[in-house]
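J.: Protein chains in written order, with the working numbering: chain A, 55 to 934; chain B, 55 to 934. Built from N, CA and C at the ideal position, the CB exists for glycine as well.
There are 2 protein chains.
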Amino acid sequence: MANKFCYLFSEGNKEMRNLLGGKGANLAEMSGLGLPVPQGFTITTEACTQYYDDGRKINDSIQKEILDYVGKIEALNGKKFGDKTNPLLVSVRSGARASMPGMMDTILNLGLNEDITELLAKQSGNARWAWDCYRRFVQMYSDVVMELGKETFGKLLDAKKKQKGVELDVDLTADDLKELTNQYKAEYKSKIGEAFPDAPIDQLFGAVKAVFRSWDNPRANTYRRENGIPYSWGTAVNVQPMVFGNLNDDSGTGVAFTRNASTGEKALDGEFLINAQGEDVVAGIRTPHKIAKLAEIMPDAYKQFIDICDKLEDHYRDMQDMEFTIENKKLFMLQTRNGKRSAVAALKIACDLVDEGRIDDKKAVTLIDPKQLDELLHPCFDKKALDDAKPIGKAIDGSPGAAVGQVVFTADEAVKLGKRGEGKNVVLVRLETSPEDIEGMIAAQGILTVRGGRSSHAAVVARGMGTPAVVGCTEIDYHGEDDGEKYFVLGGQKIKQGDYISLNGSTGKIYAGAIKTFEPNIEDDANYVRIIKWADKYRRLKVRTNADTPRDALKAAEFGAEGIGLCRTEHMFFEDRIAAFREMILADDKAGREKALDKIEPLQQSDFEKLYEALKGYPVVIRFLDPPLHEFVPTDPEDIKALAKDTGVTVEHVNAVITSLHEFNPMMGHRGCRLAVTYPEIAAMQTRAVIKAAVAVNKKGIKVVPEIMIPLVGDVKELAYVKKTVVETADATLKALKSDIKYSIGTMIEIPRAALTADEIAKEAEFFSFGTNDLTQMTFGFSRDDAGKFLPSYYEAKIYENDPFQTIDQNGVGQLVKLAVEKGKAVKGDKIHFGICGEHGGDPATVEFCHKVGLDYVSCSPYRVPIARLAAAQAAINNG
Amino acid sequence: MANKFCYLFSEGNKEMRNLLGGKGANLAEMSGLGLPVPQGFTITTEACTQYYDDGRKINDSIQKEILDYVGKIEALNGKKFGDKTNPLLVSVRSGARASMPGMMDTILNLGLNEDITELLAKQSGNARWAWDCYRRFVQMYSDVVMELGKETFGKLLDAKKKQKGVELDVDLTADDLKELTNQYKAEYKSKIGEAFPDAPIDQLFGAVKAVFRSWDNPRANTYRRENGIPYSWGTAVNVQPMVFGNLNDDSGTGVAFTRNASTGEKALDGEFLINAQGEDVVAGIRTPHKIAKLAEIMPDAYKQFIDICDKLEDHYRDMQDMEFTIENKKLFMLQTRNGKRSAVAALKIACDLVDEGRIDDKKAVTLIDPKQLDELLHPCFDKKALDDAKPIGKAIDGSPGAAVGQVVFTADEAVKLGKRGEGKNVVLVRLETSPEDIEGMIAAQGILTVRGGRSSHAAVVARGMGTPAVVGCTEIDYHGEDDGEKYFVLGGQKIKQGDYISLNGSTGKIYAGAIKTFEPNIEDDANYVRIIKWADKYRRLKVRTNADTPRDALKAAEFGAEGIGLCRTEHMFFEDRIAAFREMILADDKAGREKALDKIEPLQQSDFEKLYEALKGYPVVIRFLDPPLHEFVPTDPEDIKALAKDTGVTVEHVNAVITSLHEFNPMMGHRGCRLAVTYPEIAAMQTRAVIKAAVAVNKKGIKVVPEIMIPLVGDVKELAYVKKTVVETADATLKALKSDIKYSIGTMIEIPRAALTADEIAKEAEFFSFGTNDLTQMTFGFSRDDAGKFLPSYYEAKIYENDPFQTIDQNGVGQLVKLAVEKGKAVKGDKIHFGICGEHGGDPATVEFCHKVGLDYVSCSPYRVPIARLAAAQAAINNG
């Protein structure tokens, strides 16, 4: 059977969202519930896809089907397009599967031309109404379908009102509106080169094509990318007979939420206007009435609306956002959907619905968008203050939240002036950050960088610390490293050291000056506490955290982390250890390296003890040293000179070592377990620190089982080789300390070959942790540091629709994860466990994937732990 | 049943090579043929593996089994270890599955002590012989088992001869030898700290362990790595009753080949010594007799030996290399194996065996080691001259063959002085080479670099051109870029510009001065011509070549290439095109880029025409531009200034563009099809050049079907996007030229994700060509340019046993190749074809893999085409 591309409202229901779009499915559903809905039809999302497949044409058979359905609604409504006595007018509205800002605006009153307008004027005895309808239609069609813009038409309207000395549209007469409409049409003809279309059918196809076209406009594409909506979904089109809120003073139009979208309070929240149509309510020219006022003006319609609200909430088991129109005191429902709401509201509404007995706790858990919890986890700008501010620039949203502070250009300055120094709020502005900047990053309220993407050092570290960051702002003209005055220029503004700026890490926007902020505390929200407890009841996946410092670990524990899934030990070689570590790098032989490492060992041991204590009793995965050694050597000639002096070698020797460490492709160079193969003494030192710390902490009564993770393994022999050093060292250490505590050894699966040979690797591993950052890089063959150069072209060409570093690429990278889990289980059964510790670990779509492929836990940065807990519950609920 | 770890010769045969090793299997086989073989037993390779699994111990049950088999051969031979009347003496010899230089030397006369020596002296009436045997045994055991070295013992022997005023060992008396033996044993005791073992069984286990141990010595490990022999194979040990060539003048020992190993001539070729044992024949102290002489001295033994030679050749259907001993005129066979031979000899012997009716042409094809053909494809050093020369250094064998020339340090100098300039032979010595050096590399006889491995630019390009190269010689102290005198220092020698050096690209050795060379021509060898024709009859895989220039293509065509599997177009942007290409890189917009590209188009078209013509009628795969753009911009400040001037922009602008092109990991950066996505105009220009060239050449009557290859694809949408530009451009070009020639479009599979999603990609591709260089890099997660830093440690730790860039990693990378072929075929059936164009394409083991997974062709550098043809035939023959 050929595809069916049109559905009457009576043929659909709310389950047909994929085909009919959200709006169409809900109109059908309301229709089925017996609510007063003007009976139209929906052109399916598949028709949209077909339109693109056919090279942006509506093919003949779909055209025929649309005409056919026009006939059906003509019959249903007893009106006909272009009819001389009973003309049909319709609205045309887009409606995708998911709500999609950026899609085409509504077109009302389609079907009108001059003759029909005159007819309606005569029939209704309300010429003003008739010409107002036609005037609006010409304007909307010109703007939305022909893309002539709103400006000219707005100017003509303003001129007319001025000429007539009136303030509101409603004060214009029929003649005024007729003149205005003719001006509009003349404008149309001069711009387009042909007359405004008079045939309703031509108008209809023009509008339908415009809806299809709008699926591919830049705003829609950007929104889709940011929200992970596939291009292939397409949009549906709803064609619905008009009802008129602008017919007379017994008519009106309005919008309402069944509950308060900001607070979640159970109270109808809406607005309406008498004698108005469409956008008038939100346009702000006339001040709309609160919905309660309707009870006074039209008590019957109000009562009916209240009943419908209650019925819809009950039916949809969620807060509803509705549009309605009243024509001659008769109420019509034009839209309902689950209402958008703040995080606070979402939590309250879900709890209230449970308490009202409308839903159970399982359903409540699914009502909250996990990503939205971000609002409750980071400082936010005062909404009013933010609305008033104009950004001086926009870059990549590296780490969410609001930050305000005085600009500093070096990590040292940040420490000196910042919270850990003089107690000021500072924002650290750098070309890019490196591990050397950690102290400064900790001291800063916010971080702004010129280079790097969402996976740059600055962004990754900032997310880990919960510090807002905006990164990769290439428009900045940076003079923060100049010898004289330090400053940067952005958006034409010169910002000097000490000047205040504000960063919105959730949107990537940068503001000059200080904007008011407030700091939420998620644990104070009783509704959150209830919801997350329910979530924990339903989820199967454990949630761990990526934490490198006791500070991060404590924060994550507060947020409910059930262990550390990734402790990167590299920063433990900086700060007060860097001198010793550089000494190791410069050493000529193993003895020299061991001597230097001995100095670091007690410090690492103490770091580990604090981590174990922060997550009492929960497992802690310690990843052994990963980055290439050249990240630890100085680059500045002065620093090199100082290092030579401190270590008692020549500057030439230091330079020779630095040169020897240079790599063409450091990401694929001498790092990860490759370091442990060439310098087993590093792994041995780290093993001793891990084990001694565990013994010490166990003595305090905290039972910790450290999990030692060997990174970047590509072959089982590599793992076996390093493991030998670890086991020998650990066992000798335990023997010396007369302890019998347990430890386990596993590996990161972050190289394609490791996934492909996971059956072999599993023989030597007690756990796999998927390092999906590197696995994504290697599987795609691109470096996240360099991909910024071509990804914009890729988005534009729709080769990629979203960033594979944000949500796991299930098709490619996911295949390797799945394969590795299967191979691992085949060899080891339940003697091996699986986790993910890449940046993806806190992404809800990835969490669902991890649930489905059978991982045991996800690990994410501390501030994403609540998100992951909720997402894990939803994954379990939605996937049985 | 428990494993059986020992086999009597009568229990084995030649098919049991894996278990018994080559030597053991052949001794068993000869025994089965009824030839005179002293009846011993073989300890299996599995016993060796077990020895390592048990932590370098021979476990009790294997010890027991060995003792058991000692008993069996005692019974068989009617002698007993340590017996007071009939003592058993044995030889102990290693014997791996493949011939393995570097393994342990033979130990003869094991079972002797002072008492038994006296007994044998008495029984035989030949005290000199008895003490000679014991003296030899003590020396061999001390050296080989206890690793005391040969030197001290040699000195004691020399001193004794001097003292006695004799020149040869045989002139020493029994008493002399007895004294000497006592001196040896004293030396042993002083070094080892305990007396020389007297118990035969202790001696036997000492020797067996020494054989096992020698499997893991550095020489053996290096040999295995270079020859792709797995560590896991292990070695067998052969224990065989002694027969004595040194008993008297009716005894002797010798070695012989059934044919001449250098020329292949059908004539027994061997040597023997009367009254001698073991190594004496090859030790060079006494001059051995030619084998023919044996006919005069011992006609019966000679006749018997001749018959055995013939029988063995017939039986093994190959030239044999044998060891024999004559004791009291009675002949014993101690070893036979297929003889090592030169390439020329291998070809002749195979043809002769066919002509003699001993083998068929199919068997003949399998008798030649494909890699050995290298000898006939590249200039070689005169063997005598090479033996006399001492290398000043050794590095990586980048490209095989011998090169002699005067040192130059720049490509310009190479062009000026070299074959294309003043006609001198030059060797280009560089830190590393880049595409800018191509002209100089073409002009040079040989290339020597300080940095880079076997997959460096220098090595890859040199192999393509058949130019010998030694690369990655990090020991060089390089001053070739100094302002004043240009020179380098290696092995303590200073080599200045203009000095002669010689490079052996097959061994990596570097010599000061000019060594005599000669140049073979493979096509002149009639035997080669016969063999390769037979090979072509049996192979299924086609063999194409990787060729970028008409010169390379013509050479490959001579060698029998059946098309071009990879034409890298990047060098077509250098030389006289680089100015235009840099103009493109500097252009601000598409129009500017197109203007610059227009200048390059006719030159590329002409390049393509020449390539098509060189390979008349065969398919030609053109890979579109692959390297990142920063490879094309200058780095020298003077060059940058010149470029700014030429292009009419500021130096700052040029520098800004260069900075913007910088990448952290260029291998995973903005390259391959990513360039075509961001700059479709480059792909369009290349398409026009490809198509116009094809049309022009077709007009000349050469039917060419160009195959356009899009590199670095990771997602089907990427391919589809670039393909659209190519198809539109190609079709428009064909239309304009009124031509209907065909072309096809395919992709390289070189990114793991491409292999994983090959089913999707196949929908848009007419062929897949596996780019196994990059696929290996991405799958292993290491860059070949950087891997040199840690691979030595990996070899030492036995994590990798060979270079995955030389032979394909079947376990990891091979999985992806196999998967991609399966997925591609599942979608496209025979509407898609498969090839390989990585460096692996000319490696025989990889060729066999390609045959097995069902590729249609392999593509390799021109000088490996004959090797690949032969390897493809062997793959087909060996895999049915």
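Return the chain-ordered ranges of every beta strand (DSSP E) run that is complete within the region 437-461 of chain A and spans a minimum of 3 residues.
T.: Taking only runs of at least 3 residues, the beta strand (DSSP E) segments lying wholly in the region 437-461 of chain A are 450-453.
J.: So, threonine 741 of chain A versus valine 770 of chain A, is the Cβ gap smaller than 8 Å?
T.: Result no, Cβ atoms of threonine 741 of chain A and valine 770 of chain A do not sit closer than 8 Å.
J.: Note down the Cα distance separating valine 461 of chain A from phenylalanine 686 of chain A, rounded to an integer number of angstroms.
T.: About 27 Å.
J.: Which residue wins for smallest C-alpha separation from asparagine 292 of chain B, given the options B:His343, B:Ala101, B:Leu202, B:Glu241?
T.: That would be B:Ala101, whose Cα lies nearest to the Cα of asparagine 292 of chain B.
J.: Evaluate valine 514 of chain B with the Cβ neighbour count: other Cβ atoms within 10 Å of its Cβ, from every protein chain shown; 16 or more gives buried, anything less gives exposed.
T.: Result: buried.
J.: Measuring only the C-alpha atoms, how far is threonine 420 of chain B from glutamate 410 of chain B?
T.: Spanning the two alpha carbons is a distance of roughly 17 Å.
J.: Hey, arginine 677 of chain A and leucine 657 of chain A are a contact pair by Cβ (cut 8 Å); roughly how many whole angstroms apart?
T.: No, arginine 677 of chain A and leucine 657 of chain A are not in contact; Cβ-Cβ is about 17 Å, not under 8 Å.
J.: The alpha helix (DSSP H) that contains valine 907 of chain A, what's its start and end?
T.: 898-907 is the span of the alpha helix (DSSP H), which, as asked, contains valine 907 of chain A.
J.: Nearest-angstrom Cα distance between glutamate 902 of chain A and valine 871 of chain A?
T.: Looking at the two C-alpha atoms, the distance is approximately 13 Å.
J.: For the putative contact between proline 574 of chain A and cysteine 405 of chain A, defined by C-beta atoms under 8 Å, what is the C-beta separation to the nearest angstrom?
T.: About 17 Å separates the two Cβ atoms, so there is no contact after all.
J.: Just the Cα atoms here: how many angstroms apart are alanine 750 of chain A and lysine 402 of chain A?
T.: The alpha-carbon atoms of alanine 750 of chain A and lysine 402 of chain A are separated by roughly 45 Å.
J.: Rounded to whole angstroms, what's the CA-CA distance from threonine 98 of chain A to glycine 75 of chain A? Just pull it up for me.
T.: Each residue's alpha carbon lies about 7 Å from the other.
J.: Start and end of the beta strand (DSSP E) containing arginine 484 of chain A?
T.: First-last of the beta strand (DSSP E) with arginine 484 of chain A: 480-484.
J.: Who are the Cβ neighbours of serine 153 of chain A in its own chain at under 8 Å, not counting the five residues just before and after it?
T.: For serine 153 of chain A, where only same-chain residues beyond five positions count, the Cβ hits under 8 Å are Gly76, Arg391, Lys394.
J.: Using the Cα positions of glycine 88 of chain B and glycine 78 of chain B, report the straight-line distance between them to the nearest angstrom.
T.: Between glycine 88 of chain B and glycine 78 of chain B, the C-alpha separation is close to 16 Å.
J.: The beta strand (DSSP E) with valine 912 of chain A in it runs from where to where?
T.: Residues 911-914.
J.: If you scan the region 186-248 of chain A from start to end, which runs of the alpha helix (DSSP H) of 4 or more residues do you find wholly inside it?
T.: Those alpha helix (DSSP H) runs which fall completely within the region 186-248 of chain A and span 4+ residues are 205-218, 228-246.
J.: Pairing CB atoms from the region 474-493 of chain B with CB atoms from the region 584-595 of chain B, are three or more of them under 8 Å?
T.: No, the region 474-493 of chain B does not touch the region 584-595 of chain B.
J.: Residues of chain A with CB closer than 7 Å to the CB of glutamine 728 of chain B, please, in chain order.
T.: What sits at residue 728 of chain B in the sequence shown is arginine, not glutamine. Per Cβ cutoff of 7 Å: Phe844.
J.: Short of 6 Å in beta carbon distance, which residues of its chain neighbour alanine 925 of chain B, apart from the five on each side in sequence? Order them along the chain.
T.: Answer for alanine 925 of chain B: Pro424, Pro898, Val901, listed in chain order.
J.: Output yes or no for whether 8 Å exceeds the beta carbon distance between asparagine 80 of chain B and glutamine 389 of chain B.
T.: Taking 8 Å as the Cβ cut-off, asparagine 80 of chain B and glutamine 389 of chain B qualify as a contacting pair.
J.: Along the chain, where does the alpha helix (DSSP H) containing glutamine 499 of chain B start, and where does it finish?
T.: Careful: glutamine 499 of chain B lies outside any alpha helix (DSSP H) and carries neither H nor E.
J.: For serine 915 of chain B, count the other beta carbons within 10 Å of its own beta carbon; 16 or more makes it buried, fewer makes it exposed. Which is it?
T.: Buried is the call here.
J.: Show which residues of chain B have a CB atom less than 7 Å away from the CB atom of aspartate 839 of chain A.
T.: Those within 7 Å of aspartate 839 of chain A in chain B are Phe718, Asn719.
J.: Residues of chain B with CB closer than 7 Å to the CB of glutamate 772 of chain A, please, in chain order.
T.: Ile853, listed in chain order.
J.: Within 10 Å of its beta-carbon, does leucine 52 of chain B have 16 or more other beta-carbons around it, so buried, or fewer, so exposed?
T.: With chain B covering 55 to 934 only, the question about residue 52 of chain B has no answer from this structure.
J.: For glycine 866 of chain A, decide whether its Cβ has a neighbour in chain B, counting only Cβ atoms nearer than 8 Å.
T.: Yes, because at least one Cβ of chain B sits closer than 8 Å to the Cβ of glycine 866 of chain A.
J.: Exposed or buried, serine 556 of chain B, counting other C-beta atoms within 10 Å across all chains shown (16 or more means buried)?
T.: Its Cβ being crowded by 16 or more others within 10 Å, serine 556 of chain B is buried.
J.: Glutamate 539 of chain B and serine 510 of chain B - do their beta-carbons sit closer together than 8 Å?
T.: Against a cut-off of 8 Å, the Cβ pair of glutamate 539 of chain B and serine 510 of chain B comes out as no contact.
J.: Does any C-beta atom of chain B lie closer than 8 Å to the C-beta of isoleucine 805 of chain A?
T.: True, the Cβ-Cβ gap to chain B drops below 8 Å.
J.: Do you know whose CA, among A:Phe298, A:Glu350, A:Pro353, lies nearest glutamine 331 of chain A's CA?
T.: Taking only the C-alpha atoms, the option nearest glutamine 331 of chain A is A:Phe298.
J.: Sort out for me which residues DSSP pairs asparagine 392 of chain A with in a bridge.
T.: Asparagine 392 of chain A is bridged to A:Gln374.
J.: Look at the alpha carbon of serine 268 of chain B and the alpha carbon of threonine 623 of chain B, and state the distance between them as a whole number of angstroms.
T.: Computed Cα separation, rounded: 49 Å.
J.: What is the DSSP secondary structure of valine 687 of chain A, reduced to helix, strand or coil?
T.: In this structure, valine 687 of chain A counts as coil in the three-state DSSP scheme.
J.: When the Cα atoms are used, what is the spatial distance from valine 124 of chain A to aspartate 108 of chain A?
T.: Between valine 124 of chain A and aspartate 108 of chain A, the C-alpha separation is close to 23 Å.
J.: Can you tell which of A:Asp590, A:Leu651, A:Lys757 has its C-alpha closest to the C-alpha of leucine 669 of chain A?
T.: Among A:Asp590, A:Leu651, A:Lys757, the Cα nearest to that of leucine 669 of chain A belongs to A:Lys757.
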